[in-house]
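Reading through the structure tokens given below for one structure.
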Amino acid sequence: MGAAYPTWAPDGKHLLFLGNRSDSLSGEQSIDWWVTSLDDADLTATGALGVTRKEELEGPFLVYPWALLPSAWQPGNGWIVFPARLGDTDNLWRIGLSSHTFKITGTPQRLTSSPVMEDNPSLAILAGGVVRMAFASHAEITDIWSLPLEANSGKVTGAPRQLTRDATADFHPSLSADGRKMVFVSARSGSQQIWIKDLESGSDSILTASRPSKYQPSFSPDSTTVSFAEHEGLRWDIHLAPSAGGASEMICEDCGQATGWSPDGKYIVGNSVAGTLFLVEVASRRRIDLISVRSKGRWFAGGQFSPDGRWMTFLDATRRLEVIAPFEGETPAAESTWITVMAELRQWSPDGAIVYGPSSAGGSDYLWAQRLDRGAKRPIGDPFQMFQSHGARTLYAGAHSSVGRDRIVFTLAERAGSIWMAEWRDR
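Here the sequence shown stands for residues 43 to 469, where the numbers follow the numbering used here.
Laid out in structure tokens, this is it:
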């Protein structure tokens with residue numbers, strides 16, 4: 043079993059944690075909040091995530107957005123306090139947990155209602171049954187930056203430059219093949235929509251307007267079309283939209299995320315929320331599974347084609363490594379042919395001899411690069427650091443980036459916050 047984010051029970055004899063029972067099962071079947079005794083004699087699935095999923099509460103994970111993090115276990119009444127997102131707000135919630143059966147009781151209740159992000163709760167019981175909770179309240183602004191470089195050599199040629207400036211989130215940047223335009227996600231219109239920036243004029247234009255949140259846009263090789271994922275409830279649909287504007291078309295219903303195009307425009311590569319890597323043939327709308335989590339017992343994501351279309355990078359999240367594999371059309375490449383490099387280094391240089399990306403695998407959050415043999419794609423030497431953020435701005439490992447001939451674009455986040463306290467008395 044995989045386990046993370048442990049929280050002590052008030053009795054000091056049990057732990058509550060987010061756990062994945064088996065990699066061979068789907069996330070919905072396997073991932074839950076679990077309670078275990080310290081001697082491992084008892085292990086109980088609480089059923090929490092099945093209840094919170096019905097309320098459409100979301101957590102920090104893009105792939106399993108319904109996987110919430112248990113944060114504090116209230117003494118006495120057995121409430122579990124946790125952060126969750128509902129709509130456009132990130133607040134603190136609680137849900138009852140029986141101290142006898144360790145099963146969820148009731149439905150989630152909202153504790154706070156600030157428009158900024160609230161998390162990291164800590165609880166204490168005072169005289170008279172008063173509950174005191176300290177928690178963090180903070181605002182985070184993410185913007186897109188550009189770092190000038192000679193992409194085929196890995197040489198940085200100038201200082202980073204900020205491309206977007208908004209009070210809301212801008213993220214998931216992707217460059218057009220000629221490097222003149224950038225497609226990205228922004229919440230500036232009130233919801234997560236796809237925008238296009240003309241990098242020569244600096245002008246922005248909105249591409250989508252429907253209510254569901256959008257993610258991971260990418261230009262087609264000829265820049266006439268943009269692919270993206272649309273997320274609503276538990277569904278992840280893949281859409282195409284004309285880059286000049288117009289209605290989008292769903293090409294793969296409840297498939298997952300779209301992450302890149304083949305250079306000839308024939309295929310879109312993507313991954314399901316369960317970690318299956320797949321292709322969508324654009325002309326026929328046919329889905330072809332390449333690597334299944336059920337057959338490998340692992341989770342894969344983030345596929346990107348090499349510029350010549352002969353190779354593909356993707357993340358093996360279970361092993362925390364990036365895979366470089368031959369692309370053999372609709373036939374999966376044998377695992378014996380896979381080459382591994384530092385996790386998240388999946389963006390190709392134009393000549394296919396370097397892979398780039400933000401990663402914490404080297405111990406800090408840097409933009410990294412790895413030189414490759416031009417033919418066999420095996421790594422040459424060690425990965426090297428290209429950029430590290432300083433001050434209040436943070437470069438998140440695994441955040442999406444995109445490489446053009448003369449730049450790499452990526453997201454930096456700036457966070458400011460304070461500590462708050464709340465009190466209440468349970469009846």
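All C-beta atoms, glycine included, are put in the ideal place defined by N, C-alpha and C. Quick caveat, the model's predicted, so the values are computed rather than measured.
Per-residue DSSP class, three states only, for residue i
i	result
A38	Since the first residue of the chain shown is 43 and the last is 469, residue 38 is not available in this structure.
A169	helix
E465	strand
E386	coil
T154	coil
S140	coil
T453	strand
T149	strand
S475	Because the chain spans 43 through 469 in this model, residue 475 falls outside it and cannot be assessed.
S185	In the sequence on display, residue 185 carries Asp and not Ser. Strand, per DSSP.
R277	strand
G317	coil
G232	coil
Backbone CA spacing between residue i and residue j [nearest angstrom]
i	j	result
A300	F347	12 Å
D393	I73	41 Å
Q116	G344	38 Å
C294	L134	34 Å
A367	V383	11 Å
H442	K419	22 Å
A181	A209	10 Å
A316	R329	15 Å
W278	E70	14 Å
G302	D407	24 Å
A90	W75	6 Å
W187	A455	10 Å
E97	I137	12 Å
I396	V445	10 Å
H273	F103	13 Å
A411	T88	43 Å
L409	L282	30 Å
T436	R469	42 Å
L414	S391	10 Å
L111	S243	43 Å
I236	A229	9 Å
A126	G417	47 Å
S431	A178	23 Å
G298	P259	13 Å
Q204	V451	10 Å
G475	R352	Nothing can be reported for residue 475: it is not among the residues displayed for the chain, which extend from 43 to 469.
Y398	A385	10 Å
W50	Q389	41 Å
G44	D82	14 Å
L387	M224	20 Å
V322	V198	35 Å
K14	F226	Residue numbering for the chain in the displayed model covers 43 to 469; residue 14 lies beyond these limits and cannot be assessed.
D53	R467	21 Å
T206	D212	7 Å
L241	D350	25 Å
G129	S140	28 Å
P202	M428	11 Å
G92	G61	14 Å
S79	M175	26 Å
G307	D220	15 Å
D331	S233	31 Å
Bridge-paired residues (DSSP) for residue i
i	result
A300	G312
K547	Examination of residue 547 is not possible in this model, given that the chain is present from 43 through 469 alone.
F261	V268
S247	I238
E291	L282
S164	A176
T206	According to DSSP, which records beta bridges pairwise, T206 is partnered with nothing at all.
G459	H180
V322	I310, R329
T49	L58
P392	According to DSSP, which records beta bridges pairwise, P392 is partnered with nothing at all.
G305	The amino acid at residue 305 is misidentified as Gly; the sequence shows Pro. Paired residue(s): none; P305 is not in a bridge.
S216	V225
S444	V451
G196	Note: G196 sits in no beta bridge, so no partner.
Cβ of residue i within 8 Å of any chain C Cβ
i	result
T86	Of the protein chains in this structure there is only one, and it is not chain C.
> On the three-pair Cβ rule with 8 Å, is the segment 246-254 touching the segment 209-222?
Replying inline: no
>> Which runs of the beta strand (DSSP E) at least 3 residues long sit entirely within the segment 57-137? Give them in chain order.
In response: 73-79, 85-87, 121-128
> In chain order, which continuous runs of the alpha helix (DSSP H) of length 4 or greater are located wholly inside the segment 338-372?
Replying inline: For the segment 338-372, not a single whole alpha helix (DSSP H) run of length 4 or above is found.
> Using 8 Å as the threshold, is the segment 142-154 in touch with the segment 421-430, meaning 3 or more CB pairs across them?
Replying inline: no
> Which runs of the beta strand (DSSP E) fall wholly inside the segment 399-438 and span at least 3 residues, in chain order?
Replying inline: 408-414, 421-430
> For the 8 Å Cβ check, are there 3 or more pairs between the segment 150-165 and the segment 351-367?
Replying inline: no
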